[in-house]
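Visitor: Numbering (numbering that gives the first Met the number 0), first residue to last: 0 to 188.
Even for Gly, the Cβ is constructed at its ideal location relative to N, Cα and C.
I am attaching a structure below and will ask some questions about it afterwards.
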Amino acid sequence: MALRNAEVTRDRLMGAALELYAERGYAGTCLDAIVQRAASSKGAFYHHFESKEHLTALALSVRWEAWMEEIQVLWQSPGTAADKLNRLLMLLKPDHNDAGCALGMLGFESSSLPPQVQQVLAEGLQRWKELLGRLLQELGVQEQRAAELAELLFVMYEGGVLTQRVNGSKGALTRALAAWRQSVLAALD
């Protein structure tokens with residue numbers, strides 16, 4: 000039971016950090032805010048993590064892995080190419096809140112992030128693009144175009160989130176993802 004409680008605390012701290020990074024960015028998020036958002040303590044924080052950098056690197060690694068596993072599972076379920084694309088886009092839409100996207104916010108700050116965090120962010124993005132490229136190839140998209148579309152999805156996703164955040168345009172992300180879907184379907188023709 001104690002082990003389970005420790006895991007719950009660790010996960011709450013990581014989740015709180017990612018929520019706050021989406022809202023405030025890395026530089027704008029202090030350790031006290033993370034601990035408070037997680038309804039935890041500094042003692043619990045330091046039981047699980049060496050530093051804010053360690054927390055961030057681990058939280059990003061866990062988030063990238065979970066995201067990629069979810070994508071693979073939905074991709075393996077039956078359906079047409081359009082069905083799979085729709086499920087992918089439905090999976091992506093809830094991954095941000097009105098405040099923004101933690102991955103995007105950290106990406107904007109990447110030049111000032113600690114090297115450990117920069118590395119996890121870059122490696123996760125590369126692995127995500129490679130996975131999505133392979134999945135698009137399974138649908139019949141040519142290899143080069145699949146790689147381009149995988150990168151384009153990330154760019155359009157983050158651009159949609161940024162536009163919503165800056166302009167308050169609630170439909171920007173939906174429009175960006177719909178345009179990406181059309182680009183993929185066109186590549187299948």
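Using a Cβ-Cβ distance cut-off of 8 Å, determine whether glycine 132 contacts chain D.
Guide: The displayed structure is made up of one protein chain only, and chain D is not part of it.
Visitor: Which residue from Leu88, Cys100, Trp66 and Leu57 puts its Cα closest to that of tryptophan 179?
Guide: Considering only alpha carbons, the answer is Leu88.
Visitor: With three or more beta-carbon pairs closer than 8 Å as the criterion, would you say the stretch 98-110 touches the stretch 22-36?
Guide: Touching, yes.
Visitor: Starting from the C-beta of leucine 134, find all residues in its chain whose C-beta is less than 6 Å away, skip the five residues before and the five after it, and write them out in chain order.
Guide: So the qualifying residues of the chain are Trp74.
Visitor: Would you give the residue range spanned by the alpha helix (DSSP H) that glycine 123 belongs to?
Guide: Counting along the chain, the alpha helix (DSSP H) containing glycine 123 begins and ends at 114-138.
Visitor: Taking only runs that begin and end inside the stretch 8-66, name each unbroken alpha helix (DSSP H) of 4 or more residues, in chain order.
Guide: For the stretch 8-66, whole alpha helix (DSSP H) runs of length 4 or above, ordered along the chain, are 30-36 and 41-47.
Visitor: Report yes if the CB atom of serine 60 is closer than 8 Å to the CB atom of valine 119, and no otherwise.
Guide: Against a cut-off of 8 Å, the Cβ pair of valine 119 and serine 60 comes out as a contact.
Visitor: Does the pairing of the stretch 7-21 with the stretch 30-39 give three or more beta-carbon distances under 8 Å?
Guide: Touching, per the Cβ criterion.
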